[in-house]
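Number of protein chains: 2
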Amino acid sequence: MVSISQAAKMTGLSIKSIRHYEQIGLISTPPRSENEYRYYPEALIKQLHFIKSTKDAGFNLKESRALLELSEDNMRSSADVKHIALQKITELEKRIKQQQQLLKSLKSLTQQCQGDKQASCPIIDAFVK
Amino acid sequence: MVSISQAAKMTGLSIKSIRHYEQIGLISTPPRSENEYRYYPEALIKQLHFIKSTKDAGFNLKESRALLELSEDNMRSSADVKHIALQKITELEKRIKQQQQLLKSLKSLTQQCQGDKQASCPIIDAFVK
DNA sequence: ATTGACCTTACCCTACGGGTAAAGGTTAAA
DNA sequence: TTTAACCTTTACCCGTAGGGTAAGGTCAAT
């Protein structure tokens, strides 16, 4: 009979997030006590743990949903899981490269900038062009 | 007398974005013709160009706003600009590191996964724990 | 006169909750 | 018994940076 705040503490999620996941149908509907308070049986805590893990691994809620469904599907093939992971890897690699590019040009501009009281600034100049 | 679609083409922004920037007060209010169509004088096109450049450099609209204000401030000190750039650099470095961590663990998990018809999958196992 | 391309406002949608309100429940101590 | 402290509920608005779409006004050419 764990309450939502206890579930939050146990899983590392916020109360807000837990209710949000319920609202979008990501997790099963928790039973309610007489006073309408949600409570969370084992199975639900496990779902929440799972979601937290996938989130920590960089997946968004849509991907977390797919992974959760796969995790609960005894007939799944590991190929399907691997596919999702590989997509995320590709995405991460692309994003990282982009950001490294940005970082590089930003660093270069910043090094050229005096950073003093003068108004002249190569960073601004680069954006005005 | 360039129209909004012409302004969009000239700057590489979307029409939607241009109207959005106006709505949030990021750029000056464009004058309207008799039929209420917006049109964009030189000065506005320059602002839009500037915003596009800062966006491309990885800044968000709040930061773009600050940079645009600095760019139009003759009394600015380049130190203020450099400060914003340095913050962004720190942020980018942090994000890149995080994502590299995620990428690493995801790659490791994925390599352990057979990716066949079997259900057993170390990726799922990692999330269940 | 009609078509197609353009413009307008207005509304809903995204992801992931944070913040807050207003209302009510539970528990333990004074 | 009351009170305080803490818990829960629903419900709304806020942020990012616009995308999508509807419904309608305008313009130039056919």
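If you're matching them up, the sequences are chains A and B in order. Mapping to numbering that gives the first Met the number 0: the first sequence position 60 is 59, numbers consecutive. Mapping to numbering that gives the first Met the number 0: the second sequence position 45 is 44, numbers consecutive. All residues carry an ideal CB built from backbone N, CA and C; glycine is no exception. Only a predicted model underlies this, so the values are computations on that prediction, with no experimental measurement involved.
Review point. Going by the beta-carbon positions, is the gap between K61 (chain B) and T10 (chain B) smaller than 8 Å?
Key: For the purposes of this step, residue 61 (chain B) is taken as residue 62 along the second sequence, with counting starting at 1. For the purposes of this step, residue 10 (chain B) is taken as residue 11 along the second sequence, with counting starting at 1. For K61 (chain B) and T10 (chain B), no; Cβs fall outside 8 Å.
**Study point:** Interface partners of M175 (chain A) on chain B, CB under 8 Å
**Key:** The requested residue 175 (chain A) does not occur in the structure, where chain A is confined to residues 0 to 128.
**Study point:** CA nearest to the CA of A125 (chain B), picked from A:V127, A:S104 and A:K54
**Key:** As a first step, residue 125 (chain B) is located in the second sequence; it is residue number 126 there, counting from the start. Answer by Cα proximity: A:K54.
Exercise for review: Check whether the segment 95–113 of chain B touches the segment 77–93 of chain A, counting contact only when three or more Cβ pairs, one atom from each stretch, lie closer than 8 Å.
Suggested key: yes
Check your understanding: Would you report the Cα separation of K15 (chain A) and E21 (chain A), rounded to the nearest angstrom?
Key -> Looking up residue 15 (chain A) in the first sequence gives position 16. Looking up residue 21 (chain A) in the first sequence gives position 22. Approximately 10 Å between the Cα atoms of the pair.
**Study point:** Through-space distance from A56 (chain B) to D161 (chain A), alpha-carbon basis
**Key:** Not covered by the structure: residue 161 (chain A). The range shown for chain A is 0 to 128.
**Study point:** Interfacial residues, the segment 88–119 of chain B to chain A, with Cβ spacing under 8 Å
**Key:** I88, L91, E92, R94, I95, Q98, Q99, L101, L102, S104, L105, K106, L108, T109, C112, Q113, G114, D115, K116, Q117, A118 and S119
Practice item. For L47 (chain A), decide whether its Cβ has a neighbour in chain B, counting only Cβ atoms nearer than 8 Å. Key: Taking the first residue of the first sequence as 1, we reach residue 47 (chain A) at position 48. False, the Cβ-Cβ gap to chain B never drops below 8 Å.
Point to revise | Residue from A:I95, A:Y39, A:Q5 and A:C120 with nearest C-alpha to I83 (chain B) | key: Your numbering for residue 83 (chain B) matches position 84 in the second sequence. I83 (chain B) has its Cα closest to that of A:C120, out of A:I95, A:Y39, A:Q5 and A:C120.
Practice item. At 8 Å on the CB atoms, spell out the chain A contacts of A84 (chain B), in chain order. Key: Residue numbering aside, residue 84 (chain B) sits at position 85 when the second sequence is read from its first letter. Residues of chain A whose Cβ lies closer than 8 Å to the Cβ of A84 (chain B) are, in chain order, L105, L108, T109, C112 and I122.
Practice item. Confirm, please, whether the CB-CB distance from Q117 (chain B) to S77 (chain A) is below 8 Å. Key: Along the first sequence, one-based indexing puts residue 77 (chain A) at 78. Along the second sequence, one-based indexing puts residue 117 (chain B) at 118. In contact: S77 (chain A) and Q117 (chain B) (Cβ atoms closer than 8 Å).
Check your understanding: How many Å lie between P29 (chain B) and V80 (chain A) at the Cα?
Key -> Locating residue 29 (chain B) in the second sequence gives position 30, counting from the first residue. Locating residue 80 (chain A) in the first sequence gives position 81, counting from the first residue. About 51 Å.
Practice item. Check whether the Cβ atoms of R64 (chain B) and L25 (chain B) sit closer than 8 Å, and answer yes or no. Key: What you label residue 64 (chain B) is simply residue 65 of the second sequence in a count that begins at 1. What you label residue 25 (chain B) is simply residue 26 of the second sequence in a count that begins at 1. A contact, by the Cβ cut-off of 8 Å.
Review point. With 16 other CB atoms within 10 Å as the buried threshold, where does Y39 (chain A) fall?
Key: On the first sequence, position 40 is the one that residue 39 (chain A) refers to. By the neighbour-count rule (16 or more Cβ atoms within 10 Å), Y39 (chain A) is buried.
Point to revise | DSSP three-state assignment for Y20 (chain B), whether helix, strand or coil | key: By 1-based counting over the second sequence, the position of residue 20 (chain B) is 21. It is helical.
Exercise for review: Could you spell out where the alpha helix (DSSP H) holding V127 (chain A) opens and where it closes?
Suggested key: Working through the first sequence from its first residue, we reach residue 127 (chain A) at position 128. If you look at V127 (chain A), you'll find it in the alpha helix (DSSP H) that goes P121 to V127.
Review point. Whose Cβ in chain A lies nearer than 8 Å to the Cβ of T53 (chain B)?
Key: Locating residue 53 (chain B) in the second sequence gives position 54, where the first residue counts as 1. In chain order: F126.
Exercise for review: Out of A:L85, A:M0 and A:K45, state which residue places its alpha-carbon closest to the alpha-carbon of Q111 (chain B).
Suggested key: As a position in the second sequence, residue 111 (chain B) is number 112, starting the count at 1. Nearest C-alpha to Q111 (chain B): A:L85.
Practice item. Could I get the ranges of all uninterrupted alpha helix (DSSP H) runs contained in the segment 30–68 of chain B, with 4 residues as the minimum, in chain order? Key: List check, alpha helix (DSSP H) in window: 41–55.
Review point. If we cut at 8 Å on Cβ distances, does G11 (chain B) have a partner in chain A?
Key: By one-based count along the second sequence, residue 11 (chain B) stands at place 12. Taking a beta-carbon distance threshold of 8 Å, G11 (chain B) does not count as an interface residue toward chain A.
**Study point:** Where S70 (chain B) falls, given that 16 or more other Cβ within 10 Å makes a residue buried
**Key:** Numbered from its first residue, the second sequence carries residue 70 (chain B) at position 71. Flag for S70 (chain B) reads buried.
Review point. Looking only at C-alpha atoms, which of B:K87, B:I17 and B:L105 sits nearest to F58 (chain A)?
Key: Your numbering for residue 58 (chain A) matches position 59 in the first sequence. Ranking B:K87, B:I17 and B:L105 by Cα distance to F58 (chain A) puts B:L105 first.
Check your understanding: Who are the Cβ neighbours of Q46 (chain B) in its own chain at under 6 Å, not counting the five residues just before and after it?
Key -> Along the second sequence, one-based indexing puts residue 46 (chain B) at 47. Excluding sequence neighbours, Q46 (chain B) sits near I26.
Point to revise | Assumed close pair I95 (chain B), I95 (chain A) - CB separation to whole angstroms, cut-off 8 Å | key: Against the second sequence, residue 95 (chain B) aligns to sequence position 96. Against the first sequence, residue 95 (chain A) aligns to sequence position 96. 6 Å between Cβ atoms; contact.
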